[in-house]
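Step one of this worksheet: look at the structure below.
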Amino acid sequence: MNTNLKISNVTKIYPGCVANDNVSLEFNSGKIYALLGENGAGKSTLVKILSGVIIPDEGKIYLNENNLNLNSPSDAKKNDIGMVFQHFNLFETLSVFENLIIDSDEQRESLREKIDLIMKKYNFPIDLDIPVLNLSAGQKQKVEIIRCLIRNPKVLIMDEPTSVLTEQETSELFLSLKKFSEEGILIIYITHKLKEVMKLCDEVAVMRRGKLVSVSEIKNENIESLANKMVGQNLKTIKKKKAKTSSDQLIKITNLNFTSDDPFETNLMDINFSVNRGECLGIAGISGNGQSELFQVLSGEIISEKKSIEFNNNYIGDLNPQERREYLMAFSPEDRLEQAAIPQMKIFENVALNNFKSSNFFNNGLINENKIKEHSKKIISDFNVNTDNIELKSQFLSGGNLQKLIIGRELITSPDLLICFNPTWGLDVGAINYIHETLIKINDQNKSIILISTDTDELLKLSDKISVIHKGKLSKIMNAEEVTSEKLGILMGGAN
Amino acid sequence: MIKIVKRDQPSKAIFFFTPVLAIFLTLVAGGLIFFILGFKPFEALKFFFIIPIADKYGFSELLLKATPLCLIAIGLSFCFKSNNWNIGAEGQLTFGAIVSGGVALLFYEQEGFYILPIVILAGAIGGMLYASIPAILKTYFNTNEILVSLMLVYVSKLILDYLVVGPWSNPEGFNFPETRQFSDSAKLPLLFEGLRIHAGIFLALAAVVISWFVFYKTYLGFQMKVSGFSLKTAKYAGYKGKKMIILVFLISGACAGLAGVGEITGPIGQLHREISPDYGFTAIIVAFLGRLHPVGIIFASLVVAITYLGAETAQIFMQIPKYTGQVFQGMILFFLLASDYLLFFKIKFIGSKK
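See below:
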């Protein structure tokens, strides 16, 4: 049976932003559709409308000519629309089977048979009776997919499904999706990764700033054409110059361990590496493999043994972040809104978070506001932060501008080493380019970088050396020229 | 049709308007309660809120009640601003009163200008000591400061009970559970002949000025602000979290202890069982009603102080229990929390659709 899903003139307005501006689209089963766009382009809003999470201000949704009233996620389920979100909605401590039956009113036994059948058919080997906690990200995603398949959906929406998967898991996912499509399930695939679109999809709809900019067949497109549509401008590609080979060691980590009391954190085991001046060490990995813990150990938020970190011939393992900054280290954490900056505070107040003795922000315990403001103005102009009002609360800066402010705050003191964690996460291409250029520039000035990132392309572009973190252990350190994204993928999955 | 819309940013005006709205709603609800009880609402509210402060004596009583509330609330705002939930100011007040009362009893029948400063200092130290317990347990043993500080309230009240019926009870007191009267040198001077308002009010005013300066002009205030918004950011910035926790608890304890001193060396003049009508708990309401802002706290302490006086007047003239005062305090907090919804959402009235 053919399925036809039609989105007709959908508009959703948030204060200060039109998330969906009169979007109309039509999908037919038998094909895999890509919904492509940058972060903030409006694709998530659109799929949330399709899955009943958000109610549009205007517009209608038709499934096989029937007008759907999607007022809640259960309405979407009733109308055979299944959705797998980017962040898993699973109960970690319940078993796989319990997670699957939680929103079903079918009999346990018959449901179990049905699930077994689905798993056999699509080759999803998962133990139903172990807690979800013990599953890999790829397996958790399969559980989410099975949860949709139980209901025999006509439409299956996948929101950025590969952000937590290894290359191998991604290929498996693509095979399954193709199989679903052949069986008549209409698949809508949301992503901002162009390679995946080219590999998987038949048709592609591109969104930009809430508007639908194009609908076309994949065979008429290539990566460059799609990228330009997505961004709306021609992208210049940045290339890193080959690094000057320096043997002047800046930081050395020796036998560093961290054991956490929190079962949801990853323990770090026997970390050893060193970074020379002017070098960028990239640390790849799937999120949740100890990156956050590694960042905290390097920044001093987690204190370790004094001798485990040697920086510029000083042992600093037992120092806190502020003390480490005095040795000319700088840190840019992953979470811009909850850690690196405080959205409710003004720009210049956020600048004062990076406080050096020599910056004189605070004299004898008193705030030296003029000094902080002067410094803030310099950051704003030196790092292209798009505002001239340092009294503005930083929540009104876009993600890109906020990140420029943070990187600027960390770099304006010309540190010898910058440690950054997913510095371009969630940013638009313009801001990503700017950050990448800045990072390359500081390497050129013979300063070093430790770049912890889940974005393999970014790592390959910026790093001189690359290592992969998996379950709290680092792989051996490789020269970036010898590494391919496939090889990284294998290491990220835990193989040797 | 009414639509609720999320605000982009809570405006400054709304921030200070919601406490006023909360007070207004409290009056409306209070009037309704009086009506149900069979009183004329406006008359009852007049008994409650206007009659008590209509004369010089009443106004002095208002300031007398507002002084400890303001002092404690200022101290608490150091804790609350930095994400430390000290609920035990009542205990710190009691313990401060015990220590300063003990010192005052040591100087029984002695005169000297030096006595009062020592007694005041002893109260502050007592409050600090008592507040340091939840602070140290929190920093070194990860205990929950809400539970610890709250439970210590009852411990201190029992200690006070034991002292006033046992070792410290007045030998000539016919076994009443109270100590001797303190000597005049151990008492805060009265400001006006015939009124009970005493010099303790200057302690409160000093606390207001000092706290304003610390909050908005010092590095400590900045660190407190950052920690209040995000402990993760405070850690990332490298602030010494443990030191700050202990410091804000000590400040808060000192303020509560001073409030205790003010009570026993002011209107009471001795230690007995009931030295505080739960000022330490009510001050939590005052701190939030005043938006943790020193000037806001002054106004809030005056408003809440009226509920104490009003309850007494209502008891005398309308024969309703004085606990009505607590009902009003509860309603203020309730409506404040409810109207804080307006900080983040606005109500839009839109015409019916075409």
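Each protein sequence line maps, in turn, to chains A and B.
Here the numbering used here is used: position 79 in the first sequence is 79, and no number is missing along the way.
If you count the second sequence from 1, you need to add 496 to reach the numbering used here.
We put the beta carbon where it would ideally sit given N, CA and C, even for glycine.
All of these numbers come straight from a predicted model, not from anything done at the bench.
Residues of chain B with a Cβ closer than 8 Å to the Cβ of E293/A do not exist; the shortest Cβ-Cβ separation is about 14 Å. What N320/A touches in chain B, judged by beta-carbon distance under 7 Å, is G734, going in chain order. Against chain B, the CB of Q339/A has a partner CB under 8 Å away; the residue lies at that interface. Looking at S596/B, P673/B, F678/B, I532/B, the one whose alpha-carbon comes closest to that of H768/B is P673/B. Taking a 10 Å sphere around the C-beta of L654/B, we find fewer than 16 other C-beta atoms and assign the residue as exposed. Under the DSSP assignment, F258/A falls in the beta strand (DSSP E) whose first and last residues are 249-258. Per DSSP, the beta bridge partners of M478/A are I466/A. Annotated as proximal: G82/A and I157/A, with beta-carbon spacing under 8 Å. Within the model, the alpha-carbon separation for N22/A versus F396/A is close to 26 Å. Contact between the segment 604-624 of chain B and the segment 746-753 of chain B is present, with at least three C-beta pairs closer than 8 Å. Within chain B, the C-beta atoms nearer than 8 Å to that of G300/A come from G734, in chain order. Boundaries cannot be given for Y327/A, as no beta strand (DSSP E) includes it and DSSP labels it neither H nor E. Secondary structure note for T635/B: its alpha helix (DSSP H) is the uninterrupted segment 611-637.
For P333/A, the chain B residues whose C-beta falls within less than 7 Å of its own C-beta are Y732, listed in chain order. L743/B does not reach chain A, its nearest Cβ partner there being about 12 Å away, counting only Cβ pairs nearer than 9 Å.
The contact set of S726/B on chain A, defined by CB atoms closer than 8 Å, consists of E338, Q339, I342 in chain order. Residue state for E217/A is assigned as strand, using DSSP reduced to three classes. The alpha-carbon separation between I706/B and Y712/B amounts to approximately 10 Å.
Under a 10 Å Cβ-count criterion, L5/A is classified as buried, with 16 or more other Cβ atoms of the shown protein chains found around its own Cβ.
Check the Cα spacing between F258/A and each of N272/A, D248/A, Q249/A, I251/A: the tightest is with N272/A. Shortest Cα-Cα distance from I347/A to any of D388/A, V197/A, N9/A, E437/A involves D388/A.
One finds G365 in chain A with Cβ atoms closer than 8 Å to the Cβ of L716/B, taken in chain order. Interface flag for L418/A against chain B is unset, since no Cβ pair is found closer than 8 Å. Judged by their CB atoms, D127/A and V96/A are nearer to each other than the 8 Å cut-off. The Cβ-Cβ distance between I251/A and E310/A falls below 8 Å.
In the structure shown, H694/B adopts extended strand secondary structure according to DSSP, grouped into three states.
By the rule that beta-carbons nearer than 8 Å mark a contact, L194/A does not touch chain B. T729/B belongs to the set of residues whose beta carbon lies under 8 Å from a beta carbon in chain A.
DSSP, reduced to helix, strand and coil, places D680/B within a helical segment of the structure shown.
Counting along the chain, the unbroken alpha helix (DSSP H) around R108/A starts and ends at 108-122. Ranked by how close their Cα comes to the Cα of K121/A, the residues S163/A, E183/A, L100/A have E183/A in first place.
Nearest C-alpha to K78/A among N152/A, M478/A, L402/A: N152/A. For V524/B, no CB of chain A lies under 8 Å from its own CB, so it is not counted at the interface with that chain.
The Cβ neighbour count for T93/A, taken over all protein chains shown within 10 Å, is under 16; the residue is labelled exposed.
Counting along the chain, R147/A sits inside the alpha helix (DSSP H) bounded by residues 137-149.
Only residues of its own chain outside the window of five on either side were considered, and among them L523, G526, G527, F530 have a CB closer than 8 Å to the CB of L541/B, listed in chain order.
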